[in-house]
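Each protein sequence line maps, in turn, to chains A and B.
Take the first sequence: its letter number 100 is residue 99 in numbering that gives the first Met the number 0, and every next letter is one higher.
Take the second sequence: its letter number 23 is residue 22 in numbering that gives the first Met the number 0, and every next letter is one higher.
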Amino acid sequence: MFGNLSDRLQSTISKLRGTDKLTDDNIKEALREVKLALLEADVNLLIVKEFVNSIKKEVLGAEVEKGLDPGKQFIKLVHEKLVEIMGTNPEDINVKKGGLHKVMMVGLQGSGKTTTTGKIAKKFQDVNPLLVACDVYRPAAVDQLLTVAKRAGVTSFEKGTDHDPVTIAKEGLEKAKAGNHSLLMIDTAGRLQIDEKLMEELARMKEAIRPDDILLVIDSMTGQEAVRVAKTFDDTLGITGVVLTKVDGDARGGAALSIRKTIGKPIKYIGIGEKLDGLELFDPERMASRILGMGDVIGLIEKASMAMDEKTAKRMQRRMGSGDYNLVDFLQQLEMMKKMGPMEDLLKMIPGMAEMGGQFDGASKEMGKTLAIIQSMTTEERYNPSVLNASRRRRIAKGSGTTVQQINQLLRQFEQMKQMMKQFKKMGLMNPSKLMSGMGGKLPFKF
Amino acid sequence: MFSKWRKKKTDQLDSLAEEIAKESGESLLSDKKEEPSAKEGASWASRLTSGLSRTRNSWVSSIASVFGDGKLDEDKLEEFEDLLLQGDLGVEVTMELVDHLRQGWKDGKYKTVADIQESLKTKIQEELTLKISPLNLSESPFAVILMVGINGVGKTTTTAKITSLFQKLDKKCMLVACDTFRAGAVKQLETWGERLDVTVVKGKENEDPASVAFEGIKRAKQEKVDILIIDTAGRLHTQVNLMEEVKKISRVVEKALPGAPHETLMVIDSTTGQNAIEQAKVFNEALDLSGLVVTKLDGTAKGGVVVAIHRQLQIPIRFIGVGEQVNDLQNFNPEEFTEALFAI
Ligand SMILES: Nc1nc2c(ncn2[C@@H]2O[C@H](COP(=O)(O)OP(=O)(O)OP(=O)(O)O)[C@@H](O)[C@H]2O)c(=O)[nH]1
Ligand SMILES: [Mg+2]
């Protein structure tokens, strides 16, 4: 709605130019923008206030470094501070072959516990995990876990829905000990944190199992409520870590900041997509950028991987680097991109690009036109555009609902693009994953 | 927090049914009072009913007791601002409301905290009363309701609740399990189907959900039902192919029965923050939503983001969900919703 933080700070910060000291007065507006940006990202209000105060303390009276724009210095500080709160890069849960690592999965209804249980099990497949179905309340929850276990290729344990979940967990533990399992994952029912009776059930389970990890699973789209949820679960159970789910959506994920700041426990993993391989270690820096609205590389990669498999991607890359990249390749690529959704949305997901805002409006339409033009060509024409004489161009214009000028323009641009690709190849930029991680790490601030 | 709504629990679905019957001029059969889940045996039901704690009873009906009844100043206005932001109303709506209050205060229209509180409530209530049309229960030959939303928000549970509601109105229902993707999803709806004693049409695992929906319409025609409810898989609005899939379901339904789906309800979890606006926008563009259902209001989340959704997209809120059982469904009441926004 408001674009990202650096966009919002543009005007405020330009006023800072020329000052050599940041004072109460000249940063007031900038601080308010930070506050609003964080609120838009669903960071809890109290956390926002605290954060803004700490930023204020830090910058007040700070000398602006020589040669550095005060605005740039300010936003750099906000970003750094955010990363700092998010903690260091987390470690995997401490699973070892031969030992027995016990994990309890807890959280609100619908947050993604069962799917995450399956994802973690799949990740540690080689230590022979055992999944225990302790959700005896939601219809077919046991069934869901059994299916997930099967899909992950691991063993599961259930006792239907007529037993106390604590009893089921205990029996699961016995089975894990007896059966050479090195990872025990207990999937529990979703519950409201204010449901004392069900919270007490979890406390009893903890007592009985003595888990090494209690992971709180929270939806990344959670609003102001995140703080209360995290606090109550932590107070009752002493959780050891957090898993943030549905990160393939486009929520800013301010909940991550709220949770981390409130309970001080590490966010260990993020969940991306419904398939069982969608689990990644949490990356504080990437999350900080996302909360500030500075691009969503994860989402972009997820989209790209949905639209094409690795083999196609590799082939495409090879073709792009080759000297004879042609309109057939281009068409194929455009069609793939179209599958990924509106061009405007895709571009906004690239860090730095989002800042260019309105410039991309209409990109989809442009792409649609280009597609139509190439689709109206014969295969021969696509491979060898030099045969395109005036009458052929008129035919294509008619077929695609465009003009001959537009066709000329496209052909010109295509030639330029080919040249650019050769340049890229020389510079070693042709590997998309390298390109991506390069963009994701450090942020191209726009000042 | 929502204990006030919870208290009516035992008979809330009955009274909701009565309301709807009145609205639509239908008659309500009084011998339909039997609890649908009763035949499940005590074990299942009792485990849940007695569950919820009393913490929510500390419901404070008026913020005046917190803010005092004193004179207005900038600080007091900021406290209102905080309250709205904490209810997930979002920056835009909050700022607009508070600016309106500030103006009224400067113009001498409001003098005390109580004045402002009243004005705020009225204003939010006004926002929320747009365009709520009664449910159409007597579509011919039957009404089709399509349930959509992102993952885990409560679509399947709400499907069961709505079924139970219609049963109280003496309507014959049929369900369609279009979630052929998520593990256990079909079984989940089937379990509800057994408890409620309604037919559930299902497909094979990974079958195209649109063809399952088509089958559902066919069966509904044969068995002369009154209402067909289609439960779909959860999907993020950012997943283009899955949004195409649900559009296809809707298209196929329309082809099989012109005019259907008569209602497309999007379920929204009240714990969701500002992203819910984007979700609703994308779903609305894809499917032309007829209403929202806001779930999990039995928790402490206020669900304030629906104010922005309602305003931006002009979609009425059809029901609210206040628990995990079939009875935990209520009509959306702007007054109560607003009241609860201010509960601390
Ligand atoms: N407390 C509470 N829980 C609810 C409510 N509505 C649904 N739930 C719970 O939320 C969880 C998810 O509900 P489902 O109905 O399976 O949600 P869904 O949208 O169908 O989920 P998917 O099909 O997996 O996307 C279940 O544990 C439900 O019992 C509600 O109003 N209050
Ligand atoms: Mg479902």
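Glycine included, C-beta positions come from ideal geometry on N, C-alpha and C.
Source: prediction; values computed, not measured.
Please report the straight-line C-alpha distance between residue i and residue j, rounded to a whole angstrom.
| i | j | result |
| --- | --- | --- |
| N127(A) | H180(A) | 5 Å |
| L236(A) | V131(A) | 19 Å |
| S155(A) | K149(A) | 8 Å |
| L172(A) | K205(A) | 12 Å |
| G272(A) | T244(A) | 9 Å |
| L215(A) | L227(B) | 37 Å |
| V251(B) | D114(B) | 53 Å |
| E253(B) | F213(B) | 9 Å |
| S219(A) | R392(A) | 51 Å |
| L144(A) | V325(B) | 23 Å |
| A176(B) | A159(B) | 12 Å |
| T528(A) | S385(A) | In this structure chain A extends from 0 to 446, so residue 528(A) is not present and cannot be described. |
| I26(A) | G70(A) | 10 Å |
| T156(B) | E323(B) | 7 Å |
| R317(A) | K338(A) | 21 Å |
| T231(A) | E200(A) | 14 Å |
| M352(A) | E244(B) | Reliability of the predicted coordinates at M352(A) is poor, the pLDDT of 49 falling under 50, and the value obtained from them is presented with this limitation in mind. If I take the Cα positions, the gap works out to 29 Å. |
| K247(B) | I290(A) | 34 Å |
Would the beta-carbon of residue i fall within 8 Å of that of residue j?
| i | j | result |
| --- | --- | --- |
| A300(B) | T270(B) | yes |
| L145(B) | T231(B) | yes |
| D282(A) | N93(A) | no |
| T115(A) | V242(A) | yes |
| I213(A) | T239(A) | yes |
| K260(A) | I406(A) | no |
| S118(B) | G103(B) | yes |
| L76(A) | I46(A) | no |
| T93(B) | L83(B) | yes |
| D87(B) | Q108(A) | no |
| L38(A) | L44(A) | yes |
| D211(A) | D134(A) | no |
| Q192(A) | R137(A) | no |
What first and last residue would you give for the alpha helix (DSSP H) that runs through residue i?
| i | result |
| --- | --- |
| T198(B) | From DSSP, T198(B) is part of no alpha helix (DSSP H) but of the beta strand (DSSP E) over T198 to K201. |
| N52(A) | L44 to V58 |
| V327(A) | L326 to K338 |
| M286(A) | P283 to I290 |
| E335(B) | P333 to L340 |
| I269(A) | Not the alpha helix (DSSP H): I269(A) falls in the beta strand (DSSP E), residues I266 to G270. |
What do you reckon, is the C-beta of residue i under 7 Å from a heavy atom of ligand 2?
| i | result |
| --- | --- |
| D268(B) | no |
| R294(B) | Here residue 294(B) is Thr; the residue named in the question, Arg, does not match the sequence. No - ligand 2 has no heavy atom lying nearer than 7 Å to the Cβ of T294(B). |
| T452(A) | Residue coverage of chain A in this structure runs from 0 to 446, which leaves residue 452(A) outside it and unanswerable. |
| A342(B) | no |
| A139(A) | no |
| S155(B) | It is worth fixing the name first, because residue 155(B) is Thr in this sequence and not Ser. Checking the Cβ of T155(B) against ligand 2 gives yes. |
| A148(A) | no |
Taking 7 Å as the cut-off, does the CB of residue i come closer than this to any heavy atom belonging to ligand 1?
| i | result |
| --- | --- |
| E323(B) | yes |
| L191(A) | yes |
| D72(B) | no |
| N205(B) | no |
| V152(B) | yes |
| Q329(B) | no |
| R318(A) | no |
| A232(B) | yes |
| A182(B) | no |
Along the chain, where does the beta strand (DSSP E) containing residue i start, and where does it finish?
| i | result |
| --- | --- |
| H100(A) | H100 to G106 |
| L173(B) | Note that residue 173(B) is Met in the sequence shown here, rather than Leu. It spans C172 to A176 - the beta strand (DSSP E) in which M173(B) sits, taken as one unbroken run. |
| P128(A) | P128 to C133 |
| T111(B) | Taken as a continuous stretch (DSSP letters only), T111(B) belongs to no beta strand (DSSP E), as it is neither H nor E. |
Which residues, in order along the segment 191 to 202 of chain B, keep a beta-carbon less than 7 Å from a beta-carbon of chain A?
-> Per Cβ criterion, the list reads W191.
Residues in the segment 212 to 235 of chain A with C-beta within 9 Å of chain B's C-beta atoms, listed in sequence order?
-> Residues passing the 9 Å Cβ filter: D218, S219, M220, T221, G222, Q223, E224, A225, R227 and V228.
Could you run through the segment 125 to 138 of chain A and flag, in chain order, every residue whose CB is less than 9 Å away from some CB of chain B?
-> Under the 9 Å Cβ criterion, the segment 125 to 138 of chain A contributes V135, Y136, R137 and P138.
Which residues, taken in chain order from the segment 238 to 267 of chain B, show a beta carbon closer than 8 Å to some beta carbon of chain A?
-> Flagged, chain order: Q238, V239 and N240.
Contact list for the segment 22 to 42 of chain A against chain B, Cβ threshold 7 Å = Listed in sequence order: L35, L38, E39 and D41.
Interfacial residues, the segment 293 to 305 of chain B to chain A, with Cβ spacing under 9 Å | Within the segment 293 to 305 of chain B, contact with chain A at the beta-carbon level (separation under 9 Å) is assigned to T294, K295, D297, G298, T299, A300, K301, G302, G303 and V304.
Contacting positions in the segment 166 to 196 of chain A - beta carbon closer than 7 Å to chain B = Listed in chain order, the positions of the segment 166 to 196 of chain A with a beta carbon within less than 7 Å of a beta carbon of chain B are L191, I193, D194, E195 and K196.
When Cβ atoms are compared, which residues of the segment 149 to 168 of chain A fall closer than 9 Å to chain B?
-> Flagged, chain order: K149, R150, T160 and D161.
Identify each residue in the segment 143 to 171 of chain B for which the Cβ-Cβ distance to at least one residue of chain A is less than 9 Å, and report them in chain order.
-> Answer set for the segment 143 to 171 of chain B: I149, N150, G151, V152, G153, T155, T156 and A159.
Name, going along the chain, the residues of the segment 245 to 262 of chain A whose beta-carbon falls closer than 8 Å to a beta-carbon of chain B.
-> Going along the segment 245 to 262 of chain A in chain order, one finds K245, D247, G248, D249, A250, R251, G253 and A254 with a Cβ nearer than 8 Å to chain B.
Of all the residues that make up the segment 175 to 191 of chain B, which are near chain A by a beta-carbon distance shorter than 9 Å?
-> Those residues of the segment 175 to 191 of chain B that come within reach of chain A (Cβ to Cβ, closer than 9 Å) are F180, R181, A182, G183, A184, V185, K186, Q187, L188, E189, T190 and W191.
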